[in-house]
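Residue numbers (full-length UniProt numbering): 1 to 310.
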């Protein structure tokens, strides 16, 4: 039998509220996600715990009996965790952040270091993943925050009231390649011939942005390699395999050391906006504290950029 402790807490909340919507709000997840968790619990047990035909909902006889066990297990787990945190001097709840791979390595470390420099010592746990999985984790309550490049298409699929976001900064994707013995780029975007392209796989946001630019500029190219990860494209570019569009923040060191060179002028650059997302249903104290601080910083930056009132 494979049970998750959060399912037991979900079931206890449902028994207390007798309402899926109220229980979902109490558990800081969307109602569809909460309903799926309860069904997963029933499937794992092989029992129907809830009579959904009644309003308010009622527990079945099996559900009433199982509730005692669920509450006991949850209470015992909470107690032992409090004891262990006390022994280890832990900081309590950890803020879990899901981030796109390029932001996990190129943005997250400096961002967290800056937060600590500003006096906000929040314990964080980073999960580097692809954007699709990060969005899924945010929707399902698998993470507290999500770092991603702003994608207008994805934004249309996320209700801004439930999943608000904050502007965290900007960067750009640059076309880069390895250099020759004289430190000159191996390939030229301004030439007449076809160039070898190190491409993102179909469907990736970064890939869509690059492909739009290539169509607009009528670049002649031959795809020699595909992947969903910017760091993998960077590695292939370092090996002299072709030209790759990589976020600047992912290759600061390689550019400074002259290991990679930018191909072409600014007309080949692709601007990117970095955003932080959260689920408004999540009420973790540390998440709320962090969000308020970031909102305050954003307001200050906005006033500074606008200049003094006249």
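Note that CB positions come from ideal geometry on N, CA and C, so glycine has one too. Predicted model only: the values in this text are computed from it and were never measured.
Residue i classed as buried or exposed, judged by whether at least 16 other C-beta atoms fall within 10 angstroms
i           : result
residue 171 : buried
residue 184 : exposed
residue 53  : exposed
residue 5   : exposed
residue 194 : exposed
residue 290 : buried
residue 61  : exposed
residue 15  : buried
residue 141 : buried
residue 68  : exposed
residue 43  : exposed
residue 38  : buried
Extent of the continuous alpha helix (DSSP H) to which residue i belongs
i           : result
residue 114 : 108 to 117
residue 47  : Segment: none, residue 47 is in no alpha helix (DSSP H) and carries neither H nor E.
residue 211 : 205 to 217
residue 234 : 230 to 238
residue 21  : 20 to 26
Rounded separation between residue i and residue j - CA only
i           : j           : result
residue 196 : residue 113 : 38 angstroms
residue 26  : residue 13  : 7 angstroms
residue 239 : residue 258 : 14 angstroms
residue 89  : residue 7   : Because the pLDDT of residue 89 is 46, which lies under 50, any placement of that residue in the model is unreliable, and the number read from its coordinates should be weighed accordingly. Rounded to the nearest angstrom, the two C-alpha atoms are 28 angstroms apart.
residue 45  : residue 160 : 36 angstroms
residue 153 : residue 203 : 11 angstroms
residue 21  : residue 56  : 11 angstroms
residue 310 : residue 213 : Confidence at residue 310 is low in this model, with a pLDDT of 37, below 50, so the placement of that residue should be treated as unreliable; the coordinate-derived value is given next. Going from the Cα of residue 310 to the Cα of residue 213 covers about 41 angstroms.
residue 78  : residue 226 : 46 angstroms
residue 33  : residue 233 : 35 angstroms
residue 104 : residue 64  : 44 angstroms
residue 192 : residue 130 : 35 angstroms
residue 190 : residue 198 : 17 angstroms
residue 268 : residue 137 : 33 angstroms
residue 180 : residue 187 : 10 angstroms
residue 2   : residue 221 : 50 angstroms
residue 265 : residue 219 : 14 angstroms
residue 241 : residue 216 : 24 angstroms
residue 158 : residue 58  : 32 angstroms
residue 36  : residue 251 : 41 angstroms
Neighbourhood of residue i by C-beta distance below 8 angstroms, restricted to the same chain and skipping five residues each side
i           : result
residue 248 : 171, 172, 173, 174 and 255
residue 97  : 108, 124, 125, 126, 127, 143, 144, 145, 146 and 147
residue 156 : Low confidence applies here, because residue 156 scores a pLDDT of 49, under 50, leaving its location unreliable; read the following figure in that light. Taken in chain order, the list of residues that qualify is empty.
residue 295 : 166
residue 237 : 176, 177, 178, 198, 243, 244, 246 and 260
residue 210 : 173, 199, 200, 245 and 270
residue 118 : 293
residue 284 : 28, 93, 95 and 144
residue 311 : This structure gives no information on residue 311, because the portion of the chain shown stretches from 1 to 310.
DSSP bridge partner residues for residue i (one or two, in chain order)
i           : result
residue 69  : Bridge partners of residue 69: none, in fact.
residue 245 : 175
residue 60  : None, per the DSSP bridge assignment.
residue 353 : The first residue shown for the chain is 1 and the last is 310, placing residue 353 beyond what the model contains.
residue 276 : 147 and 166
residue 271 : 172
Cβ-based neighbour list, residue i, same chain, cut-off 6 angstroms, excluding 5 preceding and 5 following
i           : result
residue 151 : 205
residue 207 : 200
residue 162 : 280
Span of the beta strand (DSSP E) around residue i
i           : result
residue 98  : 95 to 100
residue 199 : 195 to 200
residue 125 : 124 to 129
residue 120 : It is not in any beta strand (DSSP E) - residue 120 carries neither H nor E in the DSSP assignment.
residue 224 : 221 to 227
residue 261 : 260 to 262
heavy atom of the ligand MN below 7 angstroms from residue i C-beta
i         : result
residue 2 : Of ligands this structure carries none, so the ligand MN is not represented either.
Contact set for residue i: own chain, Cβ-Cβ below 7 angstroms, skip 5 residues either direction
i           : result
residue 17  : 23 and 26
residue 70  : 8, 11 and 12
residue 275 : 148, 150, 165, 166, 167 and 168
residue 31  : 20, 21 and 24
residue 94  : 123, 124 and 125
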